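Peer 1:
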Amino acid sequence: MEIHVITLFPEMFESPFRTGMIGRAIEQGLIVLKTHPLREFGLGNYRQVDDAPYGGGSGMVMRPEPIADAIDTVNAQCPGLWRVLMTPQGEVFDQAIAREFVGHAPGLMIIAGRYEGIDERVRALVDQEISIGDYVLSGGELPAMVVIEAVGRLIPGVLGNPESLDEESFAAGLLEYPQYTRPDEFRGMRVPDILLGGDHGKIREWRAAESRRRTARRRPDLLERRRP
Ligand code: ADE
Numbered sequence: 566m567e568i569h570v571i572t573l574f575p576e577m578f579e580s581p582f583r584t585g586m587i588g589r590a591i592e593q594g595l596i597v598l599k600t601h602p603l604r605e606f607g608l609g610n611y612r613q614v615d616d617a618p619y620g621g622g623s624g625m626v627m628r629p630e631p632i633a634d635a636i637d638t639v640n641a642q643c644p645g646l647w648r649v650l651m652t653p654q655g656e657v658f659d660q661a662i663a664r665e666f667v668g669h670a671p672g673l674m675i676i677a678g679r680y681e682g683i684d685e686r687v688r689a690l691v692d693q694e695i696s697i698g699d700y701v702l703s704g705g706e707l708p709a710m711v712v713i714e715a716v717g718r719l720i721p722g723v724l725g726n727p728e729s730l731d732e733e734s735f736a737a738g739l740l741e742y743p744q745y746t747r748p749d750e751f752r753g754m755r756v757p758d759i760l761l762g763g764d765h766g767k768i769r770e771w772r773a774a775e776s777r778r779r780t781a782r783r784r785p786d787l788l789e790r791r792r793p
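Numbering (this note's numbering), first residue to last: 566 to 793.
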């Protein structure tokens with residue numbers, strides 16, 4: 566899968582994706598991650614990418630032309646990418662959207678905005694606007710990384726143990742059941758007896774029940790949204 570990111574800060578993407586699961590997937594060629602420096606598409610000698618807002622107000626607004634040129638250039642290199650604009654005004658990202666994104670061949674073009682805002686006309690150039698949650702960051706770079714990590718681990722072959730993906734999709738829409746490892750007693754807290762026995766049917770039932778109970782208590786909204 567190809568993932569292209571248009572950003573003013575390509576260096577932000579280096580260290581996070583050099584290591585770990587995504588780093589390995591890039592080395593193996595399962596993911597091709599390319600950053601495209603927006604500054605190179607800036608206007609004039611100063612490579613300007615933003616300007617004062619029409620109508621006045623504080624802060625600067627990103628101009629549409631550099632972003633449009635960057636999108637056209639990436640599109641010429643790799644046609645057919647699903648274009649995603651990171652913005653706090655977008656649809657809130659979740660596991661279902663991550664799964665949809667893995668299905669977009671040949672991949673994704675992610676536009677990470679910066680500064681106080683982006684010219685409204687940029688919205689016409691993308692397929693989807695995505696927020697990672699109801700809070701405002703100073704740029705779309707970290708949100709883009711969140712999307713890349715969540716989507717990347719769903720690409721076949723990226724996770725070392727594909728069973729954990731099966732388990733995740735089995736429990737789709739529920740919080741995970743409690744996990745324990747050794748020791749069986751820690752500071753007076755014991756591992757539930759059922760996990761120490763070897764009855765795998767009972768363990769499966771216990772885990773499913775805990776998963777539902779935990780979701781009902783902590784995130785009832787997830788149960789309501791869940792498909793039957
Ligand atoms: N840019 C700034 N804040 C953001 C958010 N919460 N999600 C996506 N992009 C953003």
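Even for Gly, the Cβ is constructed at its ideal location relative to N, Cα and C. This structure is a prediction, so every number in the text was calculated from the model and none was measured.
Starting from ARG604, follow the beta strand (DSSP E) in both directions and report where the run begins and ends.
Peer 2: Unbroken run through ARG604: none, as it is neither H nor E.
Peer 1: According to DSSP, what are the bridge partners of ALA773?
Peer 2: In DSSP, ALA773 forms no bridge with anything.
Peer 1: Whose C-beta lies closer than 6 Å to the C-beta of GLU567 among residues of the same chain, with five residues either side of it excluded?
Peer 2: So the list reads VAL597, CYS643, PRO671, GLY672, once near-sequence residues are dropped.
Peer 1: Out of GLU681, GLU685, ALA661, state which residue places its alpha-carbon closest to the alpha-carbon of VAL790.
Peer 2: In the sequence as displayed, the identity of residue 790 is Arg instead of Val. If we check each option's Cα against that of ARG790, ALA661 comes out closest.
Peer 1: Mind checking whether LEU650 and VAL691 have CB atoms under 9 Å apart?
Peer 2: Yes, they are a contact pair.
Peer 1: Just checking: is the beta-carbon of VAL701 within a distance shorter than 9 Å of some beta-carbon in chain D?
Peer 2: Note that chain D does not occur in the displayed structure, where there is just one protein chain.
Peer 1: Label VAL657 either buried or exposed according to how many other C-beta atoms from any shown protein chain fall within 10 Å of its C-beta, with 16 as the threshold for buried.
Peer 2: Answer is exposed; the Cβ neighbour count stays below 16.
Peer 1: If you draw a straight line from the C-alpha of HIS601 to the C-alpha of GLY588, how long is it?
Peer 2: One C-alpha to the other measures close to 18 Å.
Peer 1: Which residue comes first and which comes last in the beta strand (DSSP E) that contains ILE695?
Peer 2: Unbroken beta strand (DSSP E) run through ILE695: 693-696.
Peer 1: Is GLY753 helix, strand or coil by DSSP?
Peer 2: If DSSP states are grouped into helix, strand and coil, GLY753 belongs with coil.
Peer 1: Indicate whether the contact test is met: 3 or more Cβ pairs, each with one atom in the stretch 572-589 and one in the stretch 690-707, closer than 8 Å.
Peer 2: In short, these stretches touch, since the Cβ pair count reaches three.
Peer 1: For the beta strand (DSSP E) that contains GLU656, what are its first and last residues?
Peer 2: Taken as a continuous stretch (DSSP letters only), the beta strand (DSSP E) holding GLU656 covers 647-657.
Peer 1: From ALA635 to PHE606, what distance separates their C-alpha atoms?
Peer 2: One C-alpha to the other measures close to 6 Å.
Peer 1: Residue range of the alpha helix (DSSP H) that GLY717 falls in?
Peer 2: Counting along the chain, the alpha helix (DSSP H) containing GLY717 begins and ends at 706-717.
Peer 1: For PRO631, tell me which candidate among GLY645, TYR611, TYR619 has the shortest Cα-Cα distance.
Peer 2: Cα-wise, what sits closest to PRO631 is TYR611.
Peer 1: I'd like to know if the stretch 709-728 and the stretch 578-595 are in contact, where contact means that at least 3 CB-CB pairs between them fall below 8 Å.
Peer 2: With a cut-off of 8 Å, the stretch 578-595 and the stretch 709-728 count as touching, because enough Cβ pairs lie within range.
Peer 1: If you scan the stretch 571-642 from start to end, which runs of the alpha helix (DSSP H) of 4 or more residues do you find wholly inside it?
Peer 2: Qualifying alpha helix (DSSP H) stretches, in chain order: 585-592, 629-642.
Peer 1: State the DSSP-derived secondary structure class of GLU685, mapped to helix, strand or coil.
Peer 2: Helix, per DSSP.
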